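One structure is given here, and the rest of the page talks about it.
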Amino acid sequence: MKEPSIWLKYVNMHPREQGALCAVQDRNIFLEKGFKCPNCNDKLKSVDHMASQCDRKLSHDYMRRHNETLRCIHLQLCLNYGLTKSKKIRNHSFQECVSNDLAEIRVDTRITTGIKVKYNKPDIFILDKLRK
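Numbering of the sequence shown is given in numbering that gives the first Met the number 0, commencing with residue 0 and proceeding in unit increments.
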């Protein structure tokens, strides 16, 4: 991989042109081998497919980003309502239900309702006990 990009050191060109040439070069490196995508095993492995078209990879990445975002929001809400004192996101893991005298925070739990609701499992539910 080092040899194909050695020309970048010695060529004086605009960064946009370098980016375009690198993209073409990456496509050629992946496409010339004819390998199938390791995630979906359906299409040929290419930079475009891996970055923006592979459904299995995108859904996995989406869920990972979604859960990380949910964890950040959950930590901030826990800090706001005094449910935790630690500010370290690394060590924070959300539980299904945490509560104190001020609030109750539920994550990925079904909400029982009097009528049938199609999507009754919100990502996060906050019951503010003071402002009901």
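No residue lacks a Cβ here, since even glycine has one placed at the ideal position from N, Cα and C.
Nothing here was measured: the structure is a model prediction, and the numbers come from that model.
Beta-carbon proximity of residue i to residue j, cut-off 8 Å
i      : j      : result
Arg55  : Cys39  : yes
Ile88  : Cys71  : yes
Asp122 : Ala102 : no
Ile114 : Phe124 : no
Thr83  : Glu95  : no
Nearest candidate by alpha-carbon position, reference residue i, set the options
i      : options                         : result
Lys120 : Asn66, Pro14, Arg130 and Arg105 : Arg105
Leu129 : Asn99, Gly113 and Thr112        : Asn99
Lys44  : Phe34, Gly81 and Gln75          : Phe34
Per-residue burial, residue i [other beta carbons within 10 Å of its own, 16 or more giving buried]
i      : result
His154 : Since the displayed the chain opens at 0 and closes at 131, residue 154 lies outside it and no answer follows.
Phe93  : buried
Tyr118 : exposed
Cys53  : buried
Asn11  : exposed
Tyr80  : buried
What are the uninterrupted segments assigned as beta strand (DSSP E) that are 3 or more residues long and contained completely in the segment 91-117, given in chain order? 96-98 and 102-106
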